[in-house]
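The next block holds one structure in the form of structure tokens; read it before the comments.
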Amino acid sequence: MHLVTTPRVTFLRQLSDEILLRYGRGRMIVAVDGPFRSGKTAFGDDLAEVLRERGHRVFRASMEGFHRSRAAQDAFGDDTPERYFRYGFDESTLRRVLVEPFRMGGSTAFVTAVLDPSRDAWIEPRWITGPPDAILVLDGRFVLRPRLAELWDVPIVLDGDPVDPADVIAYAESDPRDGDVVVVDDRDPEHPRSAGAWRG
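Going by my numbering, the first residue of the sequence shown is number 6, and it counts up by one from there.
This is how it looks when you write it as structure tokens:
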């Protein structure tokens, strides 16, 4: 499928080419972080489409599908931005049912979501498989936090200062724009631009 060429698609094609040049074949995970409502999911969707246009098998997932249930979050105390930042997502399940089996390749099955946070309801697991050469694009808040950083081949962060209280806490502890990451200014979604790619 050939996408209609727009400034956004042109930028994403250039980014995709650089990603593929660096990482070649095999299983690869691209993670997209950024402040609340910065457009992470839309950016991940569009990047995945461009990678598919390049002929790759691409899977999509979001940290939204790995929320802890409200009851599970309540076990960590009162509902505060601090609690949400530290315990809002089930990182153990993310590793166990998505990242680790995806990395194994072959016929090992993985799951791209376990919870619907809008309904606070568990999703019936849908185990899927892929070819040895495949790319997973994962978006979500706090996905580039230090304790998850080693999981990703390509860390991308959408530029912007934190405003949401949970993001303020996260960025004070570890700004995802620092380090060896791809920084993208997507504040004008029709005309994204590099804001310091591959620096570090």
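C-beta atoms are modelled at their ideal positions from N, C-alpha and C, and glycine is treated no differently.
- Give the straight-line distance between the Cα atoms of residue 70 and residue 43, rounded to the nearest whole angstrom. Linking residue 70 to residue 43 through their CA atoms gives a straight-line distance of about 18 Å.
- Item | C-alpha gap between residue 116 and residue 79, whole angstroms | When the Cα atoms are used, residue 116 and residue 79 turn out to be separated by approximately 25 Å.
- Going by DSSP, which residues form a beta bridge with residue 160? Paired residue(s): 36.
- Item | Cβ-based neighbour list, residue 8, same chain, cut-off 7 Å, excluding 5 preceding and 5 following | For residue 8, same chain residues with a beta-carbon under 7 Å away, outside a window of 5 residues either side, are 14, 54, 55, 58 in chain order.
- Message: By alpha-carbon positions, which one of 129, 111, 144 ends up nearest to residue 137?
- Response: By alpha-carbon distance to residue 137, the top candidate from 129, 111, 144 is 111.
- Message: By DSSP's criteria, residue 188 is part of a beta bridge. Which residues make up the other side?
- Response: According to DSSP, which records beta bridges pairwise, residue 188 is partnered with 162.
- Task: For residue 72, write down the residues that DSSP places opposite it in a beta bridge.
- Result: According to the DSSP secondary-structure assignment, residue 72 is paired through a beta bridge with 94.
- Query: Just the Cα atoms here: how many angstroms apart are residue 67 and residue 103?
  - Reply: Taking the straight line joining both Cα atoms gives about 11 Å.
- Excluding five sequence neighbours on each side, which residues of the same chain lie with their C-beta closer than 6 Å to the C-beta of residue 214? This structure leaves residue 214 out entirely; the chain is present only between 6 and 205.
- Message: So residue 151 and residue 179 are supposed to be a Cβ contact under 8 Å. How far apart are they, rounded?
- Response: About 5 Å; that satisfies the 8 Å criterion.
- Query: Can you give the beta carbon distance from residue 48 to residue 169, rounded, assuming they're within the 8 Å contact cut?
  - Reply: Not confirmed; about 18 Å, so no contact.
- Task: For the alpha helix (DSSP H) holding residue 21, just list the boundary residues, first then last.
- Result: Annotation: the continuous alpha helix (DSSP H) that includes residue 21 extends over 12-28.
- Query: By DSSP, does residue 81 sit in helix, in strand, or in coil?
  - Reply: In this structure, DSSP gives residue 81 a state outside helix and strand, which the three-state scheme calls coil.
- Helix, strand or coil at residue 116 according to DSSP, with G and I counted as helix: In the structure shown, residue 116 falls within a coil segment according to DSSP collapsed to helix, strand and coil.
- Task: State the CB to CB distance for the pair residue 140 and residue 35, rounded to an integer number of angstroms; the pair is presumed to be in contact (CB under 8 Å).
- Result: Between residue 35 and residue 140 the Cβ distance is about 6 Å, and since that is below 8 Å, they are a contact.
- Task: With DSSP as the reference, label residue 42 as helix, strand or coil.
- Result: When secondary structure is reduced to three states using DSSP, residue 42 falls in the coil class, being assigned neither helix nor strand.
- Query: Can residue 163 and residue 189 be called in contact, C-beta distance under 8 Å?
  - Reply: A contact, by the Cβ cut-off of 8 Å.
- Task: Tell me whether residue 96 is buried or exposed, calling it buried when 16 or more other Cβ atoms sit within 10 Å of its Cβ.
- Result: So residue 96 counts as buried.
- Taking the CB atoms as reference points, tell me whether residue 60 and residue 73 lie closer together than 8 Å. The Cβ atoms of residue 60 and residue 73 lie no closer than 8 Å to each other.
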